[in-house]
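In the working numbering, the protein residues as written are 77 to 294.
From the three backbone atoms N, C-alpha and C, an ideal C-beta is built for every residue, glycine too.
The next block holds one structure in the form of structure tokens; read it before the comments.
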Ligand code: FES
């Protein structure tokens, strides 16, 4: 991608327009802590690496961390993602390195909504791009825990089947919410969850509420 489409300035992530804030534009045009060459990756000698793909768009994100005394002392990243993914990850890396680096515990408390707030908001349809950085970071921390023998601290998130007939998982519902499906009807339009397996509907409604709170603070 060579150009970020700029159609205005300043709308929150709950807004309805496709506007980018000046902070988003700044981080897109001047990304912080990004790897530019393969040599830089080698020299960095990461303590943990997280690689994730976005089910929403197929883009990828790789994030590298250095850890000392349980603090994130350095972060670098690479992505095939869009302008919002670049801006979100750049901003996230700055947040992680605040005041010389957050503790792992503090860093894991940062949510995609905090990244969006730091950027002054991102268009709702692009929210999944900030989730990519968050997920890659959590993978990198898990990788660090495994490599440093702290297996009891590893948090694995395996998908649970919610709709037993269509085999729809909680991750499918999470992705639908991130794509802008904020109620049962909208999630069903995207996933068909509960169309045949009606017993799962109360769980689906609960999950929609949980993901809305988690990502959008609603
Ligand atoms: S559209 Fe793929 S990361 Fe933004």
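Could you name the residues of the same chain whose beta carbon sits closer than 8 Å to that of residue i, not counting the 5 residues immediately before and after it, in chain order?
{"i": "residue 282", "result": "none"}
{"i": "residue 147", "result": "176, 177, 178, 179 and 180"}
{"i": "residue 158", "result": "77, 133, 135, 202 and 205"}
{"i": "residue 265", "result": "257"}
Ordered along the chain, which non-local residues of its own chain (more than five positions away) have a Cβ less than 7 Å from that of residue i?
{"i": "residue 215", "result": "126, 127 and 128"}
{"i": "residue 170", "result": "108"}
{"i": "residue 172", "result": "148, 151, 178 and 183"}
Is the CB-CB distance between residue i and residue j below 8 Å?
{"i": "residue 155", "j": "residue 136", "result": "yes"}
{"i": "residue 231", "j": "residue 222", "result": "no"}
{"i": "residue 255", "j": "residue 204", "result": "yes"}
Given a threshold of 16 other Cβ atoms within 10 Å of its Cβ, counted over all protein chains shown, does residue i qualify as buried or as exposed?
{"i": "residue 105", "result": "exposed"}
{"i": "residue 87", "result": "Caution applies to residue 87, whose pLDDT of 38 falls short of 50 and renders its modelled position unreliable; the model cannot decide the point."}
{"i": "residue 114", "result": "exposed"}
{"i": "residue 162", "result": "buried"}
{"i": "residue 271", "result": "exposed"}
{"i": "residue 197", "result": "buried"}
{"i": "residue 233", "result": "exposed"}
{"i": "residue 138", "result": "buried"}
{"i": "residue 98", "result": "exposed"}
{"i": "residue 145", "result": "exposed"}
{"i": "residue 248", "result": "buried"}
{"i": "residue 227", "result": "exposed"}
Throw me the rounded Cβ distance for the residue i and residue j pair, which I believe falls under 8 Å.
{"i": "residue 124", "j": "residue 219", "result": "4 Å"}
{"i": "residue 100", "j": "residue 160", "result": "7 Å"}
{"i": "residue 284", "j": "residue 238", "result": "So it is not a contact: roughly 11 Å between Cβ atoms."}
Can you tell which of the options has its C-alpha closest to the C-alpha of residue i?
{"i": "residue 122", "options": "150, 162, 270 and 263", "result": "150"}
{"i": "residue 130", "options": "284, 209 and 272", "result": "209"}
{"i": "residue 192", "options": "103, 269 and 120", "result": "103"}
{"i": "residue 250", "options": "140, 213, 227 and 292", "result": "292"}
Going along the chain, which residues of its own chain have a beta-carbon closer than 6 Å to the beta-carbon of residue i, five neighbours each way excluded?
{"i": "residue 206", "result": "164, 188, 191 and 192"}
{"i": "residue 168", "result": "191 and 209"}
{"i": "residue 80", "result": "Its pLDDT being 41, under 50, residue 80 is placed unreliably in this model, and the value from its coordinates should be taken loosely. Closer than 6 Å at the Cβ level, and outside the excluded window around residue 80, lie 104 and 159."}
{"i": "residue 91", "result": "In this prediction, residue 91 has a pLDDT of 46, which is less than 50 and means its spatial position is unreliable; nothing more can be read from the coordinates."}
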